[in-house]
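Shown next, in C-alpha cells, is the structure this report addresses.
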Amino acid sequence: MNRTAAGHRVIAIDGPAASGKSSVARALAQRLGFAYVNSGAMYRAVTWHVLQRGVDPHDANAVAQLVEHSSITCRLGEPESEIAIDGVNPAEHLRDDRVNDGVSFVSSVPRVREILVAKMRGLAEEIDVVIEGRDIGSVVFPDTPFKFYIDASPEVRSQRRAAQGQRDQIAVRDRADSSRVVSPLVVAKDAEVIDSSNVTIDQVVDQIVASLRAKGFR
Ligand code: DC
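Throughout the sequence shown, residue numbering follows our numbering, covering 8 to 225 in sequence.
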C-alpha cells in the first residue's frame, strides 16, 4: 500500500545517530512540500519529562507508568513536528547531556514506543510526511515503498557531533539502539542505503529525489 488510510504519502528516513538523517529529512521535506516529522525529538521529549519528574530512566515500569498518566500531544509544525507533554514543549532541552544519556533507555520501553508510534501514524493521516528515526521503515510505516537508510562512518559521525558542540556518546547510543529487543535500529529489507560520509546534504537529497522518481513518485 503506497499511501496511508487518508491517502497521504510517507517517506521514511532511518539511520544511526549523527548520520545526517535529520538534515536530509528536513531538506527533503522542504523540497517536496511535505511536513517533516522528527521522531527522535519525541523520544527525547519523553526522556526530558521522565527526568523532570524524578523518575529513573532505567526503571522501565516507572517510565511506563508515568507516560501512561501523562498527556502527550504531537502536532505538525514548521520547520518540524512539535510535542508537548502535560502542556510543556521542552524544545530547548532536547539536546541536554542528561537527555542524550537517558534517551536510549526510555525509548526501549515498549509502552513509550506504542504511544509515540500511534502519534506518528496520526500525523501521517493529516498530510504527506518525511519522517526520520530508527524504526520508521521497519516498524512504524512498513508498507511505504519510500524507505531510505542514511549512514556515515563512525569518524564522520563523531566529528559532526563535536562540531555541534555536543557531548553525546553516539557509539554507546547506537549499540543500545541496535541491540534492544523492541524495534531495534535495522536496515529495513527494502530500504535504499545511502552513505553520507563524503557528500553534501543536497547531494543526498538529490539522490533520494532521483530514486523516488524512479519508483514512480510524482
Ligand atoms: O535521532 P535522535 O538521535 O534524536 O534520537 C534519539 C534517540 O531516540 C535514539 O538514540 C533512539 C531513540 N529513537 C528511537 O528509538 N526510535 C526512533 N524512531 C527515533 C529515535
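Glycine included, each C-beta is placed from N, C-alpha and C at the ideal position.
Looking only at DSSP bridge pairs, what is residue i linked to?
i	result
Glu-199	Phe-155
Tyr-43	Val-137
Ile-18	Val-137
Arg-82	Glu-89
Val-95	Ile-92
Drop a sphere of 10 angstroms on the beta-carbon of residue i, count the other beta-carbons inside from all chains shown, and report buried for 16 or more, exposed for fewer.
i	result
Val-95	exposed
Gly-27	buried
Val-188	exposed
Arg-174	exposed
Arg-186	Residue identity check: residue 186 is Ser in the sequence provided, not Arg. Per the 10 Å Cβ criterion, exposed.
Pro-64	buried
Ala-125	exposed
His-76	exposed
Ala-198	buried
Gly-144	buried
Pro-86	exposed
Arg-60	exposed
Ala-178	exposed
Determine the closest residue to residue i out of the options, with distance taken between C-alpha atoms.
i	options	result
Ser-29	Val-189, Val-188, Ser-190, Ala-159	Ala-159
Phe-227	Gly-129, Pro-161, Glu-162, Ile-157	Missing from the structure shown is residue 227; the chain here goes from 8 to 225 and no further.
Gly-84	Val-124, Ala-198, Glu-133	Glu-133
Val-106	Gly-47, Val-188, Ser-190, His-15	Gly-47
Val-193	His-15, Gly-109, Asp-103, Ala-24	Ala-24
Asn-45	His-65, Glu-121, Ala-131, Ala-12	Ala-131
Lys-196	Arg-10, Ala-19, Thr-11	Ala-19
Val-163	Ser-203, Asp-150, Phe-153	Ser-203
Gln-37	Asp-104, Asp-213, Asp-184	Asp-213
Trp-55	Val-206, Val-31, Ala-98, Gln-166	Ala-98
Arg-51	Asp-209, Leu-219, Ala-91, Asp-135	Ala-91
How far does the alpha helix (DSSP H) with residue i in it reach, from first residue to last?
i	result
Ile-143	No alpha helix (DSSP H) contains Ile-143, which DSSP labels as neither H nor E.
Gly-109	104 to 113
Asn-9	Unbroken run through Asn-9: none, as it is neither H nor E.
Glu-132	Premise fails: Glu-132 is in no alpha helix (DSSP H) and is neither H nor E.
Leu-73	67 to 75
I'd like to know if residue i contacts chain B, where contact means its C-beta is closer than 9 angstroms to some C-beta of that chain.
i	result
Ala-19	Among the chains of the structure shown, chain B does not appear; only one protein chain is present.
Next on the checklist: Ignoring anything shorter than 4 residues, give me the alpha helix (DSSP H) runs that lie fully in the region 160 to 194, in order along the chain.
Outcome noted: Runs found: 161 to 170, 177 to 186.
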